[in-house]
Amino acid sequence: MEKKSCLILALDVSDREEALKIAEDVSEFVDAIKVGYPLILATGLGIIRELAEFAPIIADFKVADIPNTNRLICEHVFEAGTDAVIVQGFTGRDSLDACIEIASEYGKDVFVVSEMSHPGGAEFLQPVGEAIARMAAEAGAFGLVAPATRPERVTAIRKIIGDKLTIISPGVGAQGGKASDVIAAGADWVIVGRAIYKAESPREAARKIAAEIEAKLKGEI
Ligand code: O7M
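First residue of the sequence shown? That's -18 in this note's numbering, and the numbers climb one at a time after it.
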């Protein structure tokens, strides 16, 4: 995944036409589109190849099962045309290894959730987030998912993994995080959903967030 705008769109709409329209409108300002259960369950896996016309696709299925089932899920995900899959780390090393094995067969990437952005993410997952980050680095994952709502946690996780892994960070906008703060904290990409797809002009909303990130990276803000 090439790093240009450092922005990933979370396309959690449920209508095919709307999804394709938004993807086309914002494609200039996003490095990838993340799709997950809301869109796929509503429209089917075929939407992935349609959206891939506009940007690389990250499949957010938060895969969290035994190794054999993870393997089967990841095969379907990559056969559908995605560039990367998001998996949970709490299921342990063997489950993660199964996802990475399939991803490498297809020449694709795995992102591992180390800690989640919502308030409940601090209840059970946060205490093991750093151990999950270490495991993901040892296993050879491409990146981690870390919370934009807690930039200090992004920084803590960055310290653990160094520049070995990338960090993608959801929680900007609707959940209260600020794109430039999260990039400054050590994320490679921010993931933004509602603040873009619910905006009056998704294109303008994406342009503004991309401009904010660029200004931060250039030291202008
Ligand atoms: O910007 P939002 O809040 O509308 O959307 C954020 C997206 O990121 C949405 O698709 C969530 O499912 C996802 N997400 C989180 O919000 N928090 C997390 O901790 C993890 C994810 C995620 O993408 O997991 C891989």
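Just so you know, even glycine gets a beta-carbon here, dropped at the ideal spot from N, CA and C.
Small disclaimer: the values here were computed from a predicted structure and weren't measured.
Buried or exposed (CB count within 10 angstroms, at least 16 for buried), residue i
{"i": "G88", "result": "exposed"}
{"i": "E166", "result": "The sequence as given places Ala at residue 166; Glu does not occur at that position. Buried."}
{"i": "E96", "result": "buried"}
{"i": "R30", "result": "exposed"}
{"i": "P132", "result": "buried"}
{"i": "T50", "result": "exposed"}
{"i": "D144", "result": "exposed"}
{"i": "D(-4)", "result": "exposed"}
{"i": "F105", "result": "exposed"}
{"i": "A168", "result": "buried"}
{"i": "A112", "result": "exposed"}
{"i": "G158", "result": "buried"}
{"i": "G152", "result": "buried"}
Continuous alpha helix (DSSP H) stretch holding residue i: start and end
{"i": "S95", "result": "Per DSSP, S95 belongs to no alpha helix (DSSP H) and is neither H nor E."}
{"i": "G110", "result": "Q107 to A120"}
{"i": "H57", "result": "P48 to E60"}
{"i": "E201", "result": "Run containing E201: none; DSSP gives neither H nor E here."}
{"i": "D6", "result": "R(-3) to V7"}
{"i": "T136", "result": "P132 to I142"}
{"i": "L32", "result": "I28 to L32"}
Length of the line joining the Cα atoms of residue i and residue j
{"i": "V68", "j": "Q156", "result": "21 Å"}
{"i": "F59", "j": "A65", "result": "8 Å"}
{"i": "I28", "j": "E(-2)", "result": "10 Å"}
{"i": "I190", "j": "I(-11)", "result": "10 Å"}
{"i": "A129", "j": "V16", "result": "18 Å"}
{"i": "S76", "j": "V135", "result": "24 Å"}
{"i": "F92", "j": "K(-15)", "result": "19 Å"}
{"i": "A103", "j": "E5", "result": "36 Å"}
{"i": "K179", "j": "I14", "result": "15 Å"}
{"i": "A114", "j": "D12", "result": "23 Å"}
{"i": "E181", "j": "G70", "result": "36 Å"}
{"i": "R52", "j": "A79", "result": "6 Å"}
{"i": "D46", "j": "A61", "result": "20 Å"}
{"i": "L26", "j": "I83", "result": "18 Å"}
{"i": "V173", "j": "H99", "result": "14 Å"}
{"i": "L(-8)", "j": "A117", "result": "25 Å"}
{"i": "E(-17)", "j": "P108", "result": "32 Å"}
Check whether residue i and residue j have beta carbons under 8 Å apart
{"i": "D90", "j": "F123", "result": "yes"}
{"i": "A120", "j": "G154", "result": "no"}
{"i": "V211", "j": "A187", "result": "Residue 211 is absent from the model: the chain starts at -18 and stops at 202."}
{"i": "T63", "j": "I38", "result": "yes"}
{"i": "E185", "j": "A160", "result": "no"}
{"i": "W170", "j": "C55", "result": "no"}
{"i": "A127", "j": "I141", "result": "no"}
{"i": "P183", "j": "I21", "result": "no"}
{"i": "K197", "j": "I164", "result": "yes"}
Bounding residues of the beta strand (DSSP E) (the contiguous stretch that carries residue i)
{"i": "L(-10)", "result": "L(-12) to A(-9)"}
{"i": "P151", "result": "T147 to P151"}
{"i": "V171", "result": "W170 to V173"}
{"i": "Q69", "result": "A65 to Q69"}
{"i": "V126", "result": "G124 to V126"}
Sheet register partners of residue i (DSSP bridge)
{"i": "A84", "result": "According to DSSP, A84 bridges with nothing at all."}
{"i": "V16", "result": "A40"}
{"i": "V163", "result": "Looking at the DSSP assignment, V163 forms no beta bridge with any residue, so it has no partner."}
{"i": "D90", "result": "A65"}
{"i": "G158", "result": "V153"}
Any chain C beta carbon closer than 8 Å to residue i
{"i": "V171", "result": "The structure shown has no chain C; it contains just one protein chain."}
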